[in-house]
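**Q** According to the numbering used here, the sequence shown is numbered sequentially starting from 71. Even for Gly, the Cβ is constructed at its ideal location relative to N, Cα and C. One structure, as structure tokens, below. Some questions next.
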Amino acid sequence: MVKVAVMGYGTVGSGVVEVIEKNKDMIQKKAGQEIEVAYILDLREFPGDPYEAKLVHDVNVIMEDPEVKIVCETMGGTGAAYKFTKAALEKGKSVCTSNKEMVAKYGPELIKTAREHACHYLFEASVGGGIPIIRPLNDSLTAEKIESITGILNGTTNYILTKMEREDKSFDVALARAQEKGYAEHNPEADVEGYDARRKIAILASLMMGKHVDSEKIPTEGITKITPADFAYAKAAGRTIKLLARAKAIGENSLEAMVSPVMLDKESPLAMVNFVYNAILVKGNMLGEAMFYGKGAGKLATASAVVSDVIDCTRNLGRKIPCDWDAQEATVEDAGNNVCAYYVRAKKSAKAALLAAFPEGEALELPDRAEDLAYFTKPMAHSAFVSACESLGDTVLGSIRLG
Ligand code: HSE
């Protein structure tokens, strides 16, 4: 029997206990031995909870029990969670986590610590919730040179954008609806400003490069400036708008990476991903494209991914689980050099100036929009696009990359 401790009895932590209990027999069969939750660590009390007897408030109870071989870290943040993770690994206890902030920041260090102490640091649940993506990158796609990874990695923003598109709602109204539904946090900044997606693409990009990609160096733009007018023009042009997180290898050591809204052709596979669903498109040099699609968040979906790591650890106690993520840092190229075409929304009075600033582009005017128009540029470097927009001053009302 393998004893497991769960640190953090919130949404995901309680889901982990539930998955282990509900699927006990099947998990035992797959893991090769019984898995038992021995302790649940939390500062709070849970009177009447069916697992109340397992609750502890002192992490040392877990650290000092030699029978605990695996710890699930579902606390979040990089404060106490980092200290406890490091301590567990140094004691040879494997750690399975859903904590993307921790993985993005300390991934290579914690993987190395685990290796030095003959245990594992696994993080399938840190990206895409229940969608298997970390294990495929580490395992199934090992014959591939991964060229790029593009994903819809944040369920909250995808829900907001889907609502804006389908119900012609403003960003604020769609956000309020997401909050009512319990998708968006009370403070939704990390989601709507793109920081959550940035951490997730940094993790995937690090696995693609085999080197550390610092999430803070990835240029990031959120969805707060998207308007119903942008969706009206997107619809007329056969497009939709999605928040994409992208990473593209351009050498052994360098990559392009970005999080930003993109106006996508309606036929593109990512354009069809709606509401809280996530999808990740991986391009390999032999395989071509493969898409991973499913629930990117939620208690049981995310917990299921944590428990899959627990099973992996149990099957591989004392053995290595490959994970190619070195501490050496890969260079994120200057975003100014990124080339793409743009959609620009501008005052109608600026039509001639737009044609002059962006030669060979195409204007789109809608009969029910008297004040503005849309303009689609040819591909150009981001720095040149920014200068051209600056020259147009306040006649430019908004812009989005085309994809
Ligand atoms: N806030 C995240 C999302 C939760 O909306 O996708 C899952 O990481």
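Assuming the contact rule is C-beta atoms closer than 8 Å, Ala454 and Arg415 should be a hit. Round their C-beta distance to whole Å, please.
**A** So it is not a contact: roughly 19 Å between Cβ atoms.
**Q** Need the endpoints of the alpha helix (DSSP H) that Met96 sits in, please.
**A** Per DSSP, Met96 belongs to the alpha helix (DSSP H) from 94-101.
**Q** Could you give the DSSP three-state label for Leu340: helix, strand or coil?
**A** Helix at Leu340.
**Q** May I ask you to verify whether the stretch 88-101 touches the stretch 127-137, counting CB pairs closer than 8 Å and requiring at least 3?
**A** The answer is no - the stretch 127-137 does not touch the stretch 88-101, with fewer than three Cβ pairs under 8 Å.
**Q** When the Cα atoms are used, what is the spatial distance from Arg439 to Tyr303?
**A** Looking at the two C-alpha atoms, the distance is approximately 10 Å.
**Q** What's the C-alpha gap between Ala157 and Pro449?
**A** Going by the C-alpha atoms only, they are around 50 Å apart.
**Q** Whole alpha helix (DSSP H) runs in the stretch 238-288 with 4 or more residues, listed along the chain?
**A** With a minimum length of 4 residues, the continuous alpha helix (DSSP H) runs that stay inside the stretch 238-288 are 241-250, 259-262, 265-279.
**Q** Mapping DSSP to helix, strand and coil, what is Gly364?
**A** The answer is strand: DSSP assigns Gly364 an E or B state.
**Q** Helix, strand or coil: which one does DSSP assign to Ser164?
**A** It is a strand residue.
**Q** Among Val82, Thr220, Ser469, which has the Cα closest to the Cα of Lys170?
**A** For Lys170, the nearest C-alpha among the options comes from Val82.
**Q** So is the beta-carbon of Tyr253 under 7 Å away from any non-hydrogen atom of the ligand HSE?
**A** It does: the Cβ of Tyr253 is within 7 Å (strictly closer) of some heavy atom of the ligand HSE.
**Q** Using a Cβ-Cβ cut-off of 8 Å (strictly less than) and excluding sequence neighbours within five positions of Asp396, which residues of its own chain qualify?
**A** Excluding positions up to five away in sequence, the list reads Pro178, Gly280, Lys281, His282.
**Q** Pull up the DSSP beta-bridge partners for Ser330, would you.
**A** Paired residues: Leu314.
**Q** My understanding is that Ala367 touches Val346, with C-beta atoms under 8 Å, so please give their C-beta distance in whole angstroms.
**A** Indeed they touch by this definition, with Cβ atoms about 6 Å apart.
**Q** Between which two residues does the alpha helix (DSSP H) carrying Ala375 extend?
**A** First-last of the alpha helix (DSSP H) with Ala375: 369-385.
**Q** Can you say whether Glu441 is buried or exposed, counting buried as having 16 or more other CB atoms within 10 angstroms of its CB?
**A** By the 10 Å Cβ count, Glu441 comes out exposed.
**Q** Measure the C-alpha to C-alpha separation of Asn386 and Val141 and round it to an integer number of angstroms.
**A** Rounded to whole angstroms, Asn386 to Val141 spans 15 Å at the Cα level.
**Q** Would you mind sorting Thr212 into buried or exposed? The rule is 16 or more other CB atoms within 10 Å of its CB.
**A** Per the 10 Å Cβ criterion, exposed.
**Q** Spatial neighbours of Ala535 within its chain, please: CB distance less than 6 Å, with the 5 preceding and 5 following residues excluded, ordered by chain position.
**A** For the chain, the structure presents residues 71 to 473; residue 535 sits outside this window and is missing.
**Q** Would you report the Cα separation of Thr29 and Glu160, rounded to the nearest angstrom?
**A** Residue 29 lies beyond the range of the chain shown here (71 to 473); nothing can be said about it.
**Q** Within a Cβ cutoff of 6 Å, which residues of the same chain sit near Met328, ignoring the five residues on either side of it in sequence?
**A** Counting only Cβ-Cβ distances below 6 Å, and skipping sequence neighbours, we find Pro289, Arg316.
**Q** By how many angstroms is the C-alpha of Ile230 removed from the C-alpha of Pro331?
**A** Going from the Cα of Pro331 to the Cα of Ile230 covers about 12 Å.
**Q** Measuring from the CB of Asp261, is there a heavy atom of the ligand HSE at a distance below 7 Å?
**A** Yes - the ligand HSE has a heavy atom lying nearer than 7 Å to the Cβ of Asp261.
**Q** Return helix, strand or coil for Asn348, following the three-state DSSP convention.
**A** If DSSP states are grouped into helix, strand and coil, Asn348 belongs with the strands.
**Q** What are the uninterrupted segments assigned as alpha helix (DSSP H) that are 4 or more residues long and contained completely in the stretch 114-180, given in chain order?
**A** Runs found: 129-133, 150-160.
**Q** Could you pull the DSSP bridge partners for Val456 from this structure?
**A** Looking at the DSSP assignment, Val456 forms no beta bridge with any residue, so it has no partner.
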